[in-house]
Each structure stands twice: as C-alpha cells, then as structure tokens.
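**Student:** Protein chains in written order, with the UniProt record's numbering: chain A, 1 to 234; chain B, 1 to 234; chain C, 1 to 234; chain D, 1 to 234.
Ideal placement from N, C-alpha and C gives every residue a C-beta, glycine not left out.
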C-alpha cells in the first residue's frame, strides 16, 4: 500500500540544469499533476541548495524570478517582521525565502493574493525607510498543491514577463492536426517566464501588476496592488 | 496519460547519505516495487557521481559491496576484454563498473549467474597473470527489474556478509502481533549486507560462495563458482 | 611584486576531508605562519560551504568544536543582538557564525577573552529565558593572524577536550634524537581537540573553563567565566 | 623552513567560476611565476573534478580548448595506444586527458611539439579508420613549469583562436603613461583564447597551424603539422 505524502517533494541542485543527470533521471521517471521548476542565476547570495527555489512550508511552494533591491540593506527589518514561530524554518540566505516567510506571516495560507500584496507592501515600506529605490522586481508563483497563484509586479511598474497557455480545448480547435494538443490533458496549463516555442495563439502575456489564479476548474486574472500591513510588524 | 519509462531511474549523490536532503525527499515521495540502495566508502577512486553504484545498462542495475584487489594493475586487461560496443558506456573509474561491463559482455542479460561466474573468473585469471593475490572480494546484486540475483563470494573464501529476510507469511505466523509484518506486502524481501534490527527469525545469512535468486514468485539458492571464459577475450 | 592580502584566505569544502583532492593539493603547496583547520560533523544545519568553519571578518578567524543547545529556540534573540552593521555579513545558518558575530558585536577585536565571555554569557542569558538547559558546549579558537585565543568551556562544566603542545625547546631537550623536533621552528605550537600521536610530554590539556593565549612571543592561560552583557542588546 | 613541492598544485572545481568562492580566495592569496587557468563547457562528459583541465603528470600540466570529434568512436583505440605504465593514471573520461597521456606516451617530456604532432597525428589516423571527419579541433597549452608550449590547430584548418601579449618592454614604450605596464614584470606574458580588453598593440594572434613557445628568456613561433607515429601503437 502506497502512502501519499502530505507535502510536495523538492529536488534542489547546484549543478547547471543542462548537465544535471539526477534532474534528467527524475524528470524521466516522476509524474505529477502539478509541478514547479526554477532555474536560479545567483545575484550575490551563495550557490547552495538552501538558496534554491521553490521554497516549501507544509503544503505550500513559493518561487520568484526577480529580486529584492539592495537586500542587505532591508534584510534585517524584513526578517524581524517574520513570525517568530516561522523564523527557525529559514534555512538559506535568499531574498525570496524571506519574502515567502513574510507572506506566510501575513496570511498566505488563507488568502494568497492579499498576503503577497501585504508582503511586497511591507518590502516597499521598509525600503522607503532606508532610501532603497525600486524595492521589488519580478514574478512570483505559489501553490498549495491544488491552485496556482502567479504574480507579475515591480515597484517601478516595469516587470519581468509572465506568460500562460491558452486552454487546451481552444488549442485543439485552433490546431486540430497537432498531436501534442490531443495528448495533453484537457485542463493542462503552463505558466512561464518566457514563451516556449512560437505557435500562434498558445501564449498569453499576464499584464503588468496582475495576479493570475489557476485552479482545478477555475482560472481568473485580478489586479495586483501592494499594501503595507496596517500595523507594520517589527 | 503517464508513460512508464523503459529503464530504472537512478539517483546518485556524493553527499553523505545522512545529510542528503534530496535523498530524504525522494525516499519520502517515490514508491517502487523493486529498488537498490548503495552507500559507497571510496577506496582510491574519486568521490563523484559517475563512480556511484548502482550502475545501469538498459533495464539492468548492478552494485557491489567489495573491491577488485590492486585494480590499477588489472584494469587495463579487464577493460580490453569489454565488448567494444559497450566500451563507450563506461562513465567512471570504479572497479565495479568495469566488472559490470565484463558481465554484460559475457552474457549477463541471458544468464546472470553464469555471466558473473565468468566475469569473476576472468578477474581471477588476469590477476593470476599479474601476481595479484585475492583478486575479488564482496557481494554483488543485479536485477532486470523483475528478478534479483545476489552473490556472495571472495577469492579467499572469506567474503563480506549477505543477508535476506524470511518470507512474510512465515514472519506473520511467528509474530502475529507485529503490525509491520501485516502491513508489508506478502512477497516483500530485503537483501542486505548487514541485518537491520535484531528480531529473531527475520534474517538469514547467505552462505559463502552462493548465489541467491529472488523473482516475483520464485526464490532459490545456488552454489557460485567462478569460471574463466573458455577463450579469454583480449 | 607580490602584494600580501589583508585578510586570511579561507578554503571551505563539503567533501569528506579524507577524499578532498583540492585540500590535499592546497596543503601540499601552501605554507603559512598560522593556520586554522576544522572538520565539521553537521548537527541539524545543512552541509554547505557557508556553514563551514572557520568564519572570517576582516583579519579575524573564528571556529568552534561544539554547539549552542536548541539553537532554533534561541537563534532569533541572538541574531537580534548582533550589531545591525554586521548583520548583512551573516552568510550561513550555523550557530557558530551567530556566536562569532555576537563576539564581534561585543568587542572581539579589542579584547577577545572579554568579548567571548560576554557572547557566551548572552547565550546563557537568552537560553535561560527560553528554558533551554546547557546552552553552550565546546572549544573555540580565534585569531587576528598574530595571536591565537583558545577557549574551553561548557555551561555544564563538562567540556570537550582541548590540548596544546609543549614548547619546542623543551621537546628538543626531552627528545634530542627526534628529527621532527629539530625541523620545526622554535616557536611552533599546535592547539587541537584531541592529541595527535602519543609521545609522552608533548600534549598538555587545557583545563576546564580556561582560555589559552599564544602570541609570537607570549603564552598564557587564564580562567574563563561568561558574563552576560550589562545591557543586553535587543 | 618551507619545502617547495616538486609538482604544480591543481585546484579543480565544478562550480561556475564566477560563483566559486574558493577560487576567489585562492586567486587572492596565491602567487606563482607561471599558472594555467581553464574554464570548461562540458560537451557530453560529466561535470566532475576528474574531467577538469589542466591535467597533470609529474611536473607537466596540459589543457585544451576544443574537442576530439566523435570521441566515443575513437576512444578505445586511443586508450589502447597509451603506454600501459601510464594507463592507471587516467582518472576521468575527458578526451583531453586521453590526448595528454598519448602525448606523454609519445615523448611529451622530451620534445613537446613533436609529441603533440604525433598524438594528434594518431588521433587523425584512428579517426580516418573509423570514418570520423574533422578529428581534432582546438588550442592546447602545456608546460613543464619553466616553458609554455601553445598550439593552434584543427584537422579542418579552421581553428579556435589563440592570442599572446606583446612583450612588456615594447608595451612600456607604446604606453609610457600606463601604470599597469610599469607594474608587471618585464617578462610577463599572457596566452589566451580570446583577447582581454582592447588596447591596441597588446594582443597578437597565433596563426593557424602554429606552435608558440615561451620560456624564461626565449620566445618562438613554429609551424605545426601532425604526423601519425611511424609504427602506430595499438
């Protein structure tokens, strides 16, 4: 009898993805209804597994393509705002891990968009206090294993790109002869930083300052607007 | 639709097993009807993934707890005896990898006990030519994904230990109150270098110079006797 | 013209020391009038270079054989007591790194014994607040490149061992025929966790709760007594 | 008293050079009258220290920017041509390591240009036998610690680039105001795959099919022409 684990499995490696034979093995032997993949180009912090995305807490995964600007300047204030009960779980030194634990502190498990809005709002408030310009840049994805929340935002409103695929039924109608679109499941979705391939009608850009939500039978796009927490944790 | 891969997946790591968080993740999330595990204490050759057991060729896995004595002395002759079509598959520098490709050259896929007897016979013949004493030491396990062949042998007839578990129906009768024995499947088997735990009646030692065979509905023990190939490959 | 660097060089590796070929190369090609060596058996925190001892700040090195008990419980309070200007230098998650930055905060560069007494005193005070027993265990060594300060202490007064070598002139008189004692320089000293070899008269144990100081022309032993900082940093 | 080692020290790492903190430490603390540096982009063989250049034998270092075409096809014949006494020294699976041991077999230590001409000649002869086109590509550098031999060659006569610096006295006359050229020693030379910076008159290209030789008081350029060994080793 196979017991299903309660938390997602995570494989972290510091080898270049294209030369990592364990990654190739795992990708060829594991299937999952939902998975996150992240390739990190380290800026400043060490190349070590504890700095690799996605980060995990219970059923949640969190990853980020971007950065907190001048992280060394704002890090201490942000870490102090993390719930002390979560603090011991911080394992690395990545800006994204701190952001994840801030979002958890601010309610990620109950209302992900609101929690991420508050976490980035807090980042922007702390950065303002220290005179750090353009505090947040990037796209974020988080999941509880059922639904994916994907965010595109930057303090300067000039954010890294984020794309999602058209729903499969529409693609099947557009390209009745394409075998691939017949083979993938009807509710398959990819959310990516940059489009893969250039088939017309497949990729849709998430607009600036938006949050996309994709669940088992639900897909939605909402405006995203950071809000510093009413009482800044300190 | 999930496609089942044709070859076993392999995870190799050079981190100490007790500190390898990827290993812990994988062990917690993957189930398999048959798996091999190996911890290597390097003697001489480099600590790198390409020297890690088990080694793989198509559906076959092969691992070894032991060594070829004075491997540097006999290596060249042994490598020359490997089928040239298999030669490019050698990826590391481990003695066991060479032994595996010798066994494949000598028919492992058709008759594993005969092939391993010939491979070790060849090792002993080459070692004799070079004046190397006690050429082979250890236990070997190999599988095609359905059946496991496990060998205990050393040229000096003083081999590292090898143990296997009593069949589960017998264990259930012996220990009707043990929950573990109720939970494991009826045909579960462990074959290990050293017993785990000390419950009486669980562990049976494979005798010196024997080969154990365990298949889906078959288990057998046979004498093992190396035989140099009639016409030594050179 | 060779410029001499202002800070000590550090080599950190996560491979087992006995299999690390870079370590063997460096040890065979580099000479130094003063060096620190540390082998870490990780307890809890990740096996990664940023957790490897010795830790460095400017001209200072710091290493520790031991642990802060229940570090996850006391870590947050201790990290908050680190000077905010030093905080961004924390690179890993090791208890010893936090202790080092506490000692720097408390004046390590001016009065090492007093700073370490205060740092451990603070650890003991924070642990008491959280009900953590036996807060500190181990031996510590720190250097500014000229002098070495070595500490043996544990909150339970049952500390890991620490040994130092008899001065070379005395060893030469004791063993006039030993070539090794003729070859080493007159003021050579080893300070180690456990004695190497068993030549009588070579090794002397640092007593419980003592601090040994060895400088270019100075060697001294002092009592060591933790003192929580007057105004606990918070 | 510091003993000078008889062989060059080698540091090999599989981390990206720009993120390797050990490399940064070593580069900041070690000085040498002659050093080799190599960054490898793996093609096919594993990313592991034993595949990293430069390779070493006694006082000799050897590195290569390029490849043996279809190495898997020609590898076995080339390895068989290596002197059996050198064979056990092969530690990795890189084409360049095999080429190095072929050159050593063919007299590298006595006449480097002739040995490299024969080694590449043998590669071309073996490749011809197997129908492999364009067998060799790249630039090679080798040294005995005193003199550097640098080769630019490819079977198709369309070789990767190789540059060397103008002698320092000339550069000082050309740029009397440049501090850097005053500071470096009078006989400093860089030999590189691609020019660093774009100061006019600094960089000179090694022409196609040439070997450059730079010794303590000697610099020379010679034509390079592979020659298969008279009696092919087999």
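Nearest to residue 5 of chain D by CA position, among D/31, D/166 and D/59, is which residue?
**Tutor:** Start at 1 with the first residue of the fourth chain, and residue 5 of chain D comes out as number 5. Among D/31, D/166 and D/59, the Cα nearest to that of residue 5 of chain D is on D/59.
**Student:** Nearest-angstrom Cα distance between residue 163 of chain D and residue 142 of chain D?
**Tutor:** Indexing the fourth chain from 1 puts residue 163 of chain D at position 163. Indexing the fourth chain from 1 puts residue 142 of chain D at position 142. Rounded to the nearest angstrom, the two C-alpha atoms are 15 Å apart.
**Student:** Once you ignore the five residues that flank residue 206 of chain A on each side, which residues in its own chain have a CB closer than 6 Å to its CB?
**Tutor:** Here residue 206 of chain A is taken as the residue at index 206 of the first chain, counted from 1. Sequence-distant Cβ neighbours of residue 206 of chain A in its own chain, meaning closer than 6 Å and more than five residues away, are 152, 162 and 212.
**Student:** Determine the burial state of residue 97 of chain C: buried for a count of at least 16 other Cβ atoms within 10 Å of its Cβ, exposed for fewer.
**Tutor:** Along the third chain, read from residue 1 onward, the residue named residue 97 of chain C stands at position 97. The residue is buried, with at least 16 neighbouring Cβ atoms inside 10 Å.
**Student:** Using a beta-carbon distance below 8 Å, is residue 87 of chain A in contact with chain C?
**Tutor:** Residue mapping note: residue 87 of chain A aligns to position 87 of the first chain, counting from 1. Yes, its Cβ sits closer than 8 Å to a Cβ of chain C.
**Student:** Do residue 214 of chain A and residue 148 of chain A have their C-beta atoms closer together than 8 Å?
**Tutor:** Mapped onto the first chain, residue 214 of chain A falls at position 214. Mapped onto the first chain, residue 148 of chain A falls at position 148. If you check the CB distance, residue 214 of chain A and residue 148 of chain A come in under 8 Å.
**Student:** Looking only at its own chain, which residues have a Cβ that is under 6 Å from the Cβ of residue 9 of chain B, when we skip the five neighbours before and after it?
**Tutor:** Position 9 of the second chain holds residue 9 of chain B. Counting only Cβ-Cβ distances below 6 Å, and skipping sequence neighbours, we find nothing.
**Student:** Within its chain, find whatever has a CB closer than 7 Å to the CB of residue 50 of chain C; leave out the 5 residues flanking it on each side and keep chain order.
**Tutor:** The sequence position of residue 50 of chain C within the third chain is 50, counting from 1. Annotation for residue 50 of chain C: 91 and 92 place their beta carbon closer than 7 Å to its own, counting only its chain and skipping 5 residues before and after.
**Student:** So what does residue 205 of chain D bridge to, in DSSP terms?
**Tutor:** The residue labelled residue 205 of chain D in the question sits at position 205 within the fourth chain. Its beta-bridge partners are D/163.
**Student:** I need the boundaries of the beta strand (DSSP E) containing residue 62 of chain D, first residue and last residue.
**Tutor:** Within the fourth chain, the letter at position 62 stands for residue 62 of chain D. Note, residue 62 of chain D: beta strand (DSSP E), 60-68.
**Student:** What are the residues that DSSP puts in a beta bridge with residue 211 of chain C?
**Tutor:** As a working mapping, residue 211 of chain C is identified with position 211 in the third chain. Looking at the DSSP assignment, residue 211 of chain C forms a beta bridge with C/151 and C/222.
**Student:** Under 9 Å Cβ-Cβ, which residues of chain A neighbour residue 46 of chain C?
**Tutor:** Looking up residue 46 of chain C in the third chain gives position 46. Listed along chain A, the residues sitting closer than 9 Å to residue 46 of chain C by beta-carbon distance are 48, 49, 50, 91 and 92.
**Student:** For the region 5-23 of chain D, list every residue whose C-beta sits within 9 Å of some C-beta in chain C, in sequence order.
**Tutor:** 5, 7, 8, 9, 10, 11, 12, 13, 21 and 22
**Student:** Decide if residue 236 of chain A is buried, meaning its Cβ has at least 16 other Cβ atoms within 10 Å, or exposed.
**Tutor:** Not covered by the structure: residue 236 of chain A. The range shown for chain A is 1 to 234.
**Student:** Please work out which residues of its chain come closer than 7 Å, Cβ to Cβ, to residue 235 of chain C, disregarding the five sequence neighbours upstream and downstream, and give them in chain order.
**Tutor:** Since the first and last residues shown for chain C are 1 and 234, residue 235 of chain C lies out of range.
**Student:** For chain B, is any of its Cβ atoms less than 8 Å away from the one on residue 54 of chain D?
**Tutor:** Position 54 of the fourth chain, counted from the start, is the residue given in the question as residue 54 of chain D. Under the Cβ distance rule, residue 54 of chain D does not count among the residues neighbouring chain B, no pair being separated by less than 8 Å.
**Student:** Across which residues does DSSP place residue 71 of chain A in a beta bridge pair?
**Tutor:** Along the first chain, one-based indexing puts residue 71 of chain A at 71. Residue 71 of chain A is not bridged to any residue.
**Student:** Cα-Cα, which of D/36, D/12, D/139 and D/18 is closest to residue 26 of chain C?
**Tutor:** Here residue 26 of chain C corresponds to residue number 26 of the third chain, with the count starting at 1. Cα-wise, what sits closest to residue 26 of chain C is D/12.
**Student:** Taking only runs of the alpha helix (DSSP H) that begin and end inside the region 91-132 of chain A, which ones reach a length of at least 4 residues, in chain order?
**Tutor:** 95-105 and 112-130
**Student:** May I have the straight-line CA-CA distance separating residue 122 of chain A from residue 36 of chain A, to the nearest angstrom?
**Tutor:** In the first chain, the residue the question calls residue 122 of chain A occupies position 122. In the first chain, the residue the question calls residue 36 of chain A occupies position 36. Cα atoms of residue 122 of chain A and residue 36 of chain A: separation of roughly 26 Å, rounded to the nearest angstrom.
**Student:** Here's a check: name, in chain order, each residue in its chain whose Cβ is nearer than 8 Å to the Cβ of residue 224 of chain B, leaving out the five neighbours to either side.
**Tutor:** Indexing the second chain from 1 puts residue 224 of chain B at position 224. Excluding positions up to five away in sequence, the list reads 113, 116, 117, 151, 152, 153, 209, 210 and 211.
**Student:** Do residue 127 of chain B and residue 74 of chain B have their C-beta atoms closer together than 8 Å?
**Tutor:** Taking the second chain and counting its residues from 1, the one referred to as residue 127 of chain B is at position 127. Taking the second chain and counting its residues from 1, the one referred to as residue 74 of chain B is at position 74. Taking 8 Å as the Cβ cut-off, residue 127 of chain B and residue 74 of chain B qualify as a contacting pair.
**Student:** Among all the DSSP beta bridges, which residues are the ones paired with residue 188 of chain B?
**Tutor:** On the second chain, position 188 is the one that residue 188 of chain B refers to. In the DSSP output, where bridge partners are listed per residue, residue 188 of chain B has none listed.
**Student:** Name the residue from B/47, B/183, B/31 and B/66 whose alpha carbon lies nearest to the alpha carbon of residue 135 of chain B.
**Tutor:** Counted from its first residue, the second chain places residue 135 of chain B at position 135. Shortest Cα-Cα distance from residue 135 of chain B to any of B/47, B/183, B/31 and B/66 involves B/66.
**Student:** Locate the beta strand (DSSP E) running through residue 200 of chain B, then write down its first and last residues.
**Tutor:** Along the second chain, read from residue 1 onward, the residue named residue 200 of chain B stands at position 200. Note, residue 200 of chain B: premise wrong, no beta strand (DSSP E); not H, not E.
**Student:** So which residues of chain A does residue 42 of chain D contact, with C-beta pairs closer than 7 Å?
**Tutor:** Position 42 of the fourth chain, counting from 1, holds the residue named residue 42 of chain D. Chain A residues near residue 42 of chain D: 19.
**Student:** Under 9 Å Cβ-Cβ, which residues of chain F neighbour residue 33 of chain A?
**Tutor:** Among the protein chains in the structure shown, which are A, B, C and D, there is no chain F.
**Student:** Alpha carbon to alpha carbon, what distance is there between residue 140 of chain A and residue 33 of chain A?
**Tutor:** As a position in the first chain, residue 33 of chain A is number 33, starting the count at 1. As a position in the first chain, residue 140 of chain A is number 140, starting the count at 1. Their Cα atoms are separated by approximately 20 Å.
**Student:** Short of 7 Å in beta carbon distance, which residues of its chain neighbour residue 144 of chain C, apart from the five on each side in sequence? Order them along the chain.
**Tutor:** Reading the third chain from its first residue, position 144 is the one you call residue 144 of chain C. Answer for residue 144 of chain C: 59 and 60, listed in chain order.
**Student:** Is the shortest distance between the beta-carbon of residue 135 of chain B and the beta-carbons of chain D less than 8 Å?
**Tutor:** The sequence position of residue 135 of chain B within the second chain is 135, counting from 1. At a cut-off of 8 Å between beta-carbon atoms, residue 135 of chain B makes no contact with chain D.
**Student:** Taking the beta carbon of residue 106 of chain C as the centre, do at least 16 other beta carbons fall within 10 Å, making it buried, or is it exposed?
**Tutor:** To locate residue 106 of chain C, count along the third chain from 1; it is residue 106. The residue in question, residue 106 of chain C, is buried, as its Cβ has 16 or more Cβ neighbours within 10 Å.
**Student:** Residue 47 of chain D: which of D/156, D/56, D/159 and D/14 sits nearest, CA to CA?
**Tutor:** For this step, residue 47 of chain D is matched to residue 47 along the fourth chain. Nearest C-alpha to residue 47 of chain D among D/156, D/56, D/159 and D/14: D/14.
**Student:** Check the DSSP bridge columns for residue 137 of chain B and list the partner residues they point to.
**Tutor:** The residue labelled residue 137 of chain B in the question sits at position 137 within the second chain. Bridge partners of residue 137 of chain B: B/67 and B/154.
**Student:** CB-CB under 6 Å to residue 218 of chain B, same chain, minus the five flanking residues each way: which ones, in chain order?
**Tutor:** Counting from 1 along the second chain, the entry for residue 218 of chain B is found at position 218. Correct list: empty, nothing qualifies.
**Student:** In the structure shown, what three-state DSSP assignment does residue 57 of chain A receive?
**Tutor:** To locate residue 57 of chain A, count along the first chain from 1; it is residue 57. Strand, per DSSP.
**Student:** Please report the Cβ distance between residue 216 of chain C and residue 146 of chain C, rounded to the nearest whole angstrom; I am assuming they are in contact, meaning their Cβ atoms lie under 8 Å.
**Tutor:** Along the third chain, read from residue 1 onward, the residue named residue 216 of chain C stands at position 216. Along the third chain, read from residue 1 onward, the residue named residue 146 of chain C stands at position 146. At roughly 6 Å, the Cβ-Cβ gap stays under 8 Å, so residue 216 of chain C and residue 146 of chain C are in contact.
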